[in-house]
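Peer 1: Got a structure for you, written out below as structure tokens; questions coming shortly.
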Amino acid sequence: QVQLVESGGGLVQAGGSLRLSCAASGSTFSFNVMGWYRQVPGKQRELIAIIGSGGSTDYADSVKGRFTISRDNAKSTKNTVYLQMNSLKPEDTAVYYCQGIYITNVYWGQGTQVTVSS
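So the mapping is simple: the numbering used here equals the position in the sequence shown, first residue as 1, plus 94.
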């Protein structure tokens with residue numbers, strides 16, 4: 095069974111940085127796409143960054159220039175993804191979720207809380 099596990103969340107002051115990690119276990123394939131989403135109570139889950147198997151990336155306008163998504167190319171399946179978050183703002187406070195897509199199968203992590211204090 096494929097599982098995604100996020101880590102690296104926590105409490106940080108505005109202007110600070112955090113690095114989230116997401117590691118997959120139980121897979122024998124490389125995800126076609128991996129991404130990071132975030133969600134605050136009462137709002138829909140928001141896509142903030144994605145990375146393809148070839149390394150192409152895309153970002154939501156709200157995080158462009160501040161967040162960087164990357165994959166661990168040292169691993170054979172490249173199923174570890176990171177989100178480097180710099181210049182954090184209070185509005186970045188949310189639960190952050192990792193997603194992996196393989197063909198039509200979508201996998202989610204359990205989420206990690208990021209709280210940015212002003």
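Beta carbons: idealized from backbone N, C-alpha and C, even for Gly.
Fair warning: this is a prediction, and the values are worked out from it, not measured in the lab.
Touching or not, the stretch 119 to 132 and the stretch 174 to 194, by the rule of three or more beta carbon pairs under 8 Å?
Peer 2: At 8 Å Cβ cutoff, the stretches touch.
Peer 1: Output the distance between the C-alpha atoms of Gly136 and Gln207, rounded to the nearest integer angstrom.
Peer 2: Whole-angstrom Cα-Cα distance: 15 Å.
Peer 1: Tell me the DSSP bridge mates of Arg165?
Peer 2: Arg165 pairs with Val175.
Peer 1: For the beta strand (DSSP E) that contains Ala143, what are its first and last residues?
Peer 2: Where Ala143 is concerned, the enclosing beta strand (DSSP E) stretches over Glu140 to Gly146.
Peer 1: Under 9 Å, do Gln204 and Leu98 count as touching if we go by C-beta distance?
Peer 2: Yes; because the gap between Cβ atoms is below 9 Å, this pair is in contact.
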